[in-house]
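Numbering (the numbering used here), first residue to last: -14 to 197.
The next block holds one structure in the form of structure tokens; read it before the comments.
Written out as structure tokens, the structure reads:
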């Protein structure tokens, strides 16, 4: 099948997603959008996550239309990551107390980290059935944490803008005994799954040598 040359648009405010793509050598256009990231509790866990990613894709489409912008041969990438424990989602904590409660709940237990990714080819008709979507799940195992450890970590401010109130690639990694699945998925973007979707859709993106 003929390769379709595309340029990637990253519709995300996350510096972590940008860093994952840069390290893999992808060139992309940053296009942050602002949508509510409050999950719809009437949906299943997977549907909640994809719903947020779809909202972001729809926000991009709306902004392009309203501003009369055109990006031929571009593919929009949106993503949303949530931590799931006992069939409940743990998003970004709004307060330090919420961060404490999240980490206390995760202590000594295993949980799932789910990232929903949505890809929108701007050369398509932009209909909902043209959207490519995927959910990736990684299981993360925490050791038991003391209250003092949790409070010290919260004082670092690292957990306050992270799903589940921790960063596996940062100081929060010391709480993890092991994980099953894609490490990058926990950080915020499942690169392996993403590249499989690129291949399945015959998309070829601008790249440079991966960062060392």
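Backbone N, C-alpha and C define an ideal beta-carbon position, used for all residues, glycine too.
Note that this is a predicted model, so its numbers are computed, not measured.
Rounded to whole angstroms, what's the CA-CA distance from residue i to residue j? Just pull it up for me.
| i | j | result |
| --- | --- | --- |
| residue 107 | residue 15 | 15 Å |
| residue 85 | residue 40 | 29 Å |
| residue 98 | residue 58 | 32 Å |
| residue 105 | residue 147 | 25 Å |
| residue -8 | residue 179 | 14 Å |
Quick test of your reading: residue i and residue j, contact by CB under 8 Å. State the CB separation rounded to the nearest angstrom.
| i | j | result |
| --- | --- | --- |
| residue 70 | residue 49 | The Cβ separation is near 37 Å, so there is no contact. |
| residue 186 | residue 120 | Going by Cβ atoms, the distance from residue 186 to residue 120 rounds to 17 Å, so no, they are not a contact pair. |
| residue 42 | residue 117 | Contact doesn't hold; Cβ gap of about 10 Å is too wide. |
| residue 162 | residue 127 | 7 Å |
So, with DSSP's three-state summary, where would you put residue i?
| i | result |
| --- | --- |
| residue 142 | coil |
| residue 112 | Residue placement at residue 112 is poorly supported in this model, since its pLDDT is 49, which falls under 50; the coordinates are not used for a value here. |
| residue 184 | helix |
| residue 204 | A query on residue 204 cannot be resolved here, the shown segment of the chain reaching from -14 to 197 and no further. |
| residue 47 | helix |
| residue 99 | strand |
| residue 40 | helix |
| residue 175 | coil |
| residue 130 | coil |
| residue 25 | coil |
| residue 92 | coil |
Among the options, whose alpha-carbon lies nearest the alpha-carbon of residue i?
| i | options | result |
| --- | --- | --- |
| residue 198 | 149, 38, 27 | The chain is shown from -14 up to 197; residue 198 falls before or after that span and cannot be answered. |
| residue 35 | 9, 47, 54, 62 | 62 |
| residue 65 | 165, 184, 177, 24 | 24 |
| residue 29 | 175, 137, 46, 73 | 73 |
| residue 156 | 33, -6, 20, 139 | 139 |
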